[in-house]
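Every letter in the sequence shown is one number past the one before it in our numbering, and letter 371, counting from 1, is 390. Here a beta-carbon is modelled for each residue, glycine too, at the ideal position from N, C-alpha and C. Data block below; observations after.
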Amino acid sequence: RSLIELVKNENFYHNRFAHIVGPVNEAIKNIARNFSFSELYEIAALSNVLKCNIQSVYPTIDYRSDLNIMNNTFEHAQYSIVSKAICLFWTHTESEIEARRSNAGNWSPNHFVPLLLPSDNSQSQNHLDQPKISGSGSTPTKATTKNNTLTQVRIPEFNADDNEMQPFQVPSTVITTTNEITTPRTKRRLQLAETCASVERKIVKRKRMQARERMAAKRAAATPEEAERQRILARVRSAAKRTALAPEVVERKRALDRERSAARRAALTPEEIERQRALNRERNAVRRAALTSDELEQQQALNRKQMAAWRATLTSKEAEQQRTLAVDRSMAKRATATPIDAEEQRVLARERSTTRRAARESEEAKQQQTVAYKTTRLQKTGKQKQTVMKRKPNQDGKADWPKPVDMDCK
20 RSLIELVKNE NFYHNRFAHI VGPVNEAIKN IARNFSFSEL YEIAALSNVL
70 KCNIQSVYPT IDYRSDLNIM NNTFEHAQYS IVSKAICLFW THTESEIEAR
120 RSNAGNWSPN HFVPLLLPSD NSQSQNHLDQ PKISGSGSTP TKATTKNNTL
170 TQVRIPEFNA DDNEMQPFQV PSTVITTTNE ITTPRTKRRL QLAETCASVE
220 RKIVKRKRMQ ARERMAAKRA AATPEEAERQ RILARVRSAA KRTALAPEVV
270 ERKRALDRER SAARRAALTP EEIERQRALN RERNAVRRAA LTSDELEQQQ
320 ALNRKQMAAW RATLTSKEAE QQRTLAVDRS MAKRATATPI DAEEQRVLAR
370 ERSTTRRAAR ESEEAKQQQT VAYKTTRLQK TGKQKQTVMK RKPNQDGKAD
420 WPKPVDMDCK
């Protein structure tokens with residue numbers, strides 16, 4: 020009958036309890052199975068089937084705020100003041116210790132039982148005539164047919180008073196909370212959500228891989244001019260984006276890129292690493308060939324500055340490690356190189372040394388010419404000063420000129 024009630028008024032129960040215990044259609048499927056445990060949907064439907072109020076009592080074992088919905092009075096649709104009430108107590112088929120042991124240290128009920136009041140029959144009957152049971156009075160007890168001894172049970176204090184009654188249709192009678200209840204059905208729903216999230220992550224990862232493959236195929240089909248144009252455009256975009264970012268963000272992105280590159284290189288095989296290095300060398304050679312002499316000089320100066328700044332941030336131990344790593348790489352490269360490659364490397368090294376020496380010699384020659392010119396100028400300036408100093412005494416001194424000859428005297 021509870022199942023029929025849920026099917027007839029599916030929309031009502033879904034709007035009221037779906038956000039707490041899940042969709043009502045799953046509850047209907049579970050109720051149709053034998054040996055399935057009852058939950059809130061069954062209590063709410065049972066109150067309308069029996070046409071009486073049902074008060075749910077949850078023990079204070081691992082009690083949380085999201086379990087407030089378990090301590091409520093579920094009122095049937097034809098509620099009246101003289102309506103009777105049934106008190107149900109949530110419990111477990113095993114002891115608390117065994118239940119915790121089988122549930123990873125957590126306790127959760129798997130069924131409920133009716134509660135009887137610790138009073139005589141007349142008082143119990145009069146109390147059952149009331150629509151709600153107050154938590155401030157006698158504590159409900161649990162009893163079985165085998166044992167008539169009344170034992171106290173742990174229940175929380177109820178906030179509602181005896182006179183605070185509202186129709187079942189009013190949403191405020193049921194405390195709606197967005198937190199989920201730790202029940203077997205909720206656990207299944209959480210596991211299903213985790214599975215769906217894992218599947219979505221796999222789908223996203225597969226789409227990213229497909230996008231990378233498409234981009235790789237497009238790059239492979241592109242001509243060298245188109246590829247270079249795309250690289251230049253990407254560099255311009257990256258430069259514009261970096262210019263708009265703060266220095267801290269730029270440094271953080273660089274560190275993240277370095278970590279990703281290191282992780283990617285660590286996952287590569289030696290053959291893939293060598294292939295990547297060869298590809299990078301080819302790209303750098305093509306890019307350098309397309310640059311002018313001024314742009315090449317600017318790029319080299321920028322690279323030197325970046326390397327100097329990076330080396331300045333290294334400690335002595337890290338610098339020594341970098342030197343050792345560079346030596347190991349050079350030794351490994353020489354060991355795996357063929358004689359032709361080794362000869363090409365030697366020729367390239369000699370050309371680089373010659374170019375560097377020629378540039379150094381030209382700079383030194385210019386410096387020597389400048390020094391010689393300055394020295395000559397200084398020497399000329401010194402001689403002029405000495406000549407002026409020699410001439411000054413003759414100009415300043417008063418010379419005695421010979422007097423005219425007196426012819427008569429002679």
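About 6 Å separates the beta carbon of C71 from that of H95, a gap short enough to meet the 8 Å contact definition. Put simply, the backbone Cα of L209 is about 35 Å away from that of L135. Excluding five sequence positions before and after A123, none of the CB atoms of its chain fall closer than 7 Å to its own CB. When secondary structure is reduced to three states using DSSP, H95 falls in the coil class, being assigned neither helix nor strand.
Within the same chain, Cβ atoms closer than 8 Å to the Cβ of L287 are found at Q295, the five residues on either side in sequence being excluded. For the pair N87 and S75, the CB atoms are not nearer than the 8 Å cut-off.
The three-state reading of DSSP puts P289 in helix, counting H, G and I together. Beta-carbon to beta-carbon, V43 and L25 are separated by about 6 Å, close enough to satisfy the 8 Å threshold.
Our two residues, V269 and S84, have alpha carbons roughly 45 Å apart in a direct line.
Shortest Cα-Cα distance from F31 to any of K237, F131, N67 involves N67. Here L107 carries a strand assignment [DSSP, helix/strand/coil]. Short of 8 Å from the beta carbon of V305, and not among the five residues preceding or following it, lie these beta carbons of its own chain, in chain order: P243, E247. DSSP places I116 in the uninterrupted alpha helix (DSSP H) bounded by 115 to 120. Between the alpha carbons of A37 and Y60 lies a distance of about 9 Å. For S127, no alpha helix (DSSP H) encloses it, and the DSSP letter there is neither H nor E. Short of 7 Å from the beta carbon of R353, and not among the five residues preceding or following it, lie these beta carbons of its own chain, in chain order: A361.
Rounded to the nearest whole angstrom, the CA to CA distance from A378 to L321 is 18 Å. Judged by DSSP secondary structure, I23 falls within the alpha helix (DSSP H) whose first and last residues are 21 to 27. Sequence-distant partners of A51 (beyond 5 residues in either direction) whose C-beta falls short of 7 Å from its own C-beta, in its chain, are L22. Spatial neighbours of R119 in its own chain (CB-CB distance under 8 Å, excluding positions within 5 residues in sequence) are listed in chain order as N125, W126. Counting only runs of 3+ residues, no beta strand (DSSP E) is found wholly inside the region 212 to 236.
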